[in-house]
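Some notes on the structure that comes next.
Numbering (our numbering), first residue to last: 641 to 712.
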């Protein structure tokens with residue numbers, strides 16, 4: 641793994657933690673030099689995709705709405 645890629649992974653907390661938990665990705669990244677597959681796995685696990693964030697925001701709004709309705 642080249643030094644620049646390693647520094648990039650260490651700067652991203654979620655990527656670095658996932659890499660420590662799933663060390664088999666180190667071998668895959670070294671062989672293929674394909675970081676996109678790894679980042680997609682991390683985004684899926686930690687729900688970092690835009691659609692996940694929107695879904696979480698909608699769920700929070702619904703929860704607040706339900707709480708406010710019960711307080712009436």
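Ideal Cβ placement from N, Cα and C applies to all residues, glycine included.
{"Check": "Proximity below 7 Å, CB of residue 649 to CB of residue 655", "Outcome": "yes"}
{"Check": "Alpha helix (DSSP H) runs wholly inside the region 653 to 679, at least 4 long, in chain order", "Outcome": "653 to 661 and 664 to 672"}
{"Check": "Residue 668 versus residue 678 - alpha carbon distance", "Outcome": "9 Å"}
{"Check": "Burial state of residue 707, where buried means 16 or more other Cβ atoms lie within 10 Å", "Outcome": "exposed"}
{"Check": "Start-to-end residues for the alpha helix (DSSP H) that takes in residue 708", "Outcome": "690 to 711"}
{"Check": "Three-state secondary structure (DSSP) of residue 643", "Outcome": "helix"}
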